[in-house]
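Enquirer: In this note's numbering, the protein residues as written are 5 to 243. First the structure, then my questions, so here it is.
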Ligand SMILES: [Fe+2]
């Protein structure tokens, strides 16, 4: 399985605070059957892309050194670097290609939670015009999209994809049903952990998929996983 959204890189954002916590999260990913991971620390335009990339590289180096010291056999992941890019009008002045998942045209995009940006459609069109496919991170968090499939469909038609958090599914409540509805409408394409720590948003693949299996057919769950694998391998799943 592939986890396309997590905050496991140590001491770079509000995710894993150090190498120890990062390794604990990686162990959990391995235990739950994840074999491919994209590290997606938060990026916002308060720092330059170059500075972000330096910080991200340093964090990865710290993690790799810690893993090396542990000589831990459990880690046989394929990994890529990415970012969870916070929406801003300023994105047009940024080299977004550098923030895509390594070697792919996929960009994880976080939108404002409460209020839809007035130029959202225009921004999606702009990003797609660059040859980049924006993946809307945890789409269930945006009130203006989760309750408005028509609006979400419009963004998908413009070339975006969308991702839901497994942590929003496992409670098996109204939100789960809204996510299920959007998966069935092909308006959610992948699920991911958005793991931050063992307590705050843990790795929850197994339980999340278990809850999903109570609502949707096995082939649809398989499709969600295949989509994540394809995105990792830079295959266009929009067709
Ligand atoms: Fe996130």
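Virtual Cβ for every residue (Gly too), placed ideally from N, Cα, C. What you are looking at is a predicted structure, and each value in this text was computed from that prediction instead of being measured.
1. Along the chain, where does the alpha helix (DSSP H) containing residue 236 start, and where does it finish?
2. Give the DSSP-derived three-state secondary structure of residue 132 in the structure shown.
3. Tell me the DSSP secondary structure of residue 146 in three-state form.
4. What do you reckon, is the C-beta of residue 172 under 7 Å from a heavy atom of ligand 1?
5. For residue 192, which three-state DSSP category applies?
6. Contact between the region 226–233 and the region 99–108: three or more CB pairs below 8 Å?
7. Sort out for me which residues DSSP pairs residue 47 with in a bridge.
8. In terms of residues, what are the limits of the beta strand (DSSP E) holding residue 167?
9. Decide if residue 107 is buried, meaning its Cβ has at least 16 other Cβ atoms within 10 Å, or exposed.
10. Please confirm whether any heavy atom of ligand 1 lies closer than 7 Å to the CB of residue 88.
11. Between residue 193 and ligand 1, is the CB less than 7 Å from at least one heavy atom?
12. Whole angstroms is fine: what's the gap from residue 56's alpha carbon to residue 70's?
13. Rounded to whole angstroms, what is the Cα-Cα separation between residue 30 and residue 160?
14. Looking at residue 66 and residue 14, is the spacing between their C-beta atoms short of 8 Å?
15. Please state whether DSSP places residue 98 in a helix, a strand or coil.
16. So, is residue 169 buried or exposed, given that buried needs 16 or more other C-beta atoms within 10 angstroms?
17. Nearest by alpha-carbon distance to residue 180: which of 155, 219, 59, 157 is it?
18. Checking 8 Å against the spacing of the C-beta atoms, do residue 115 and residue 140 come in under that value?
19. Look at the alpha carbon of residue 178 and the alpha carbon of residue 195, and state the distance between them as a whole number of angstroms.
20. Whose C-alpha, out of 32, 91, 46, is nearest the C-alpha of residue 203?
21. Check residue 111 in the structure and name its three-state DSSP category.
22. What would DSSP say about residue 61, mapped onto helix, strand or coil?
23. Does residue 240 come out as helix, strand or coil in the three-state DSSP assignment?
24. Report the option in 63, 212, 37 whose CA atom is closest to the CA atom of residue 173.
25. Return the chain-ordered list of same chain residues with a C-beta closer than 6 Å to the C-beta of residue 182, the five sequence neighbours on each side being excluded.
26. Once the 5 residues before and after residue 113 are set aside, which same chain residues still bring their CB inside 7 Å of it?
Expert: Taking the coordinates as given:
1. 222–236
2. helix
3. coil
4. no
5. coil
6. In short, these stretches do not touch, since the Cβ pair count stays below three.
7. 89
8. Per DSSP, residue 167 belongs to the beta strand (DSSP E) from 165–169.
9. With fewer than 16 Cβ atoms within 10 Å of its Cβ, residue 107 is classed as exposed.
10. True, at least one ligand heavy atom lies under 7 Å from that Cβ.
11. Checking every heavy atom of ligand 1 against the Cβ of residue 193, none is found closer than 7 Å.
12. Distance from the CA of residue 56 to the CA of residue 70, rounded to the nearest whole angstrom, comes to 21 Å.
13. 32 Å
14. Yes; because the gap between Cβ atoms is below 8 Å, this pair is in contact.
15. coil
16. buried
17. Measuring C-alpha to C-alpha distances from residue 180 to each of 155, 219, 59, 157 identifies 219 as the nearest.
18. yes
19. 17 Å
20. 32
21. strand
22. helix
23. Assignment of residue 240 by DSSP, reduced to helix, strand and coil, places it in the coil class.
24. Of 63, 212, 37, the residue nearest in Cα terms is 212.
25. 150
26. 89, 91, 138, 139, 140, 141
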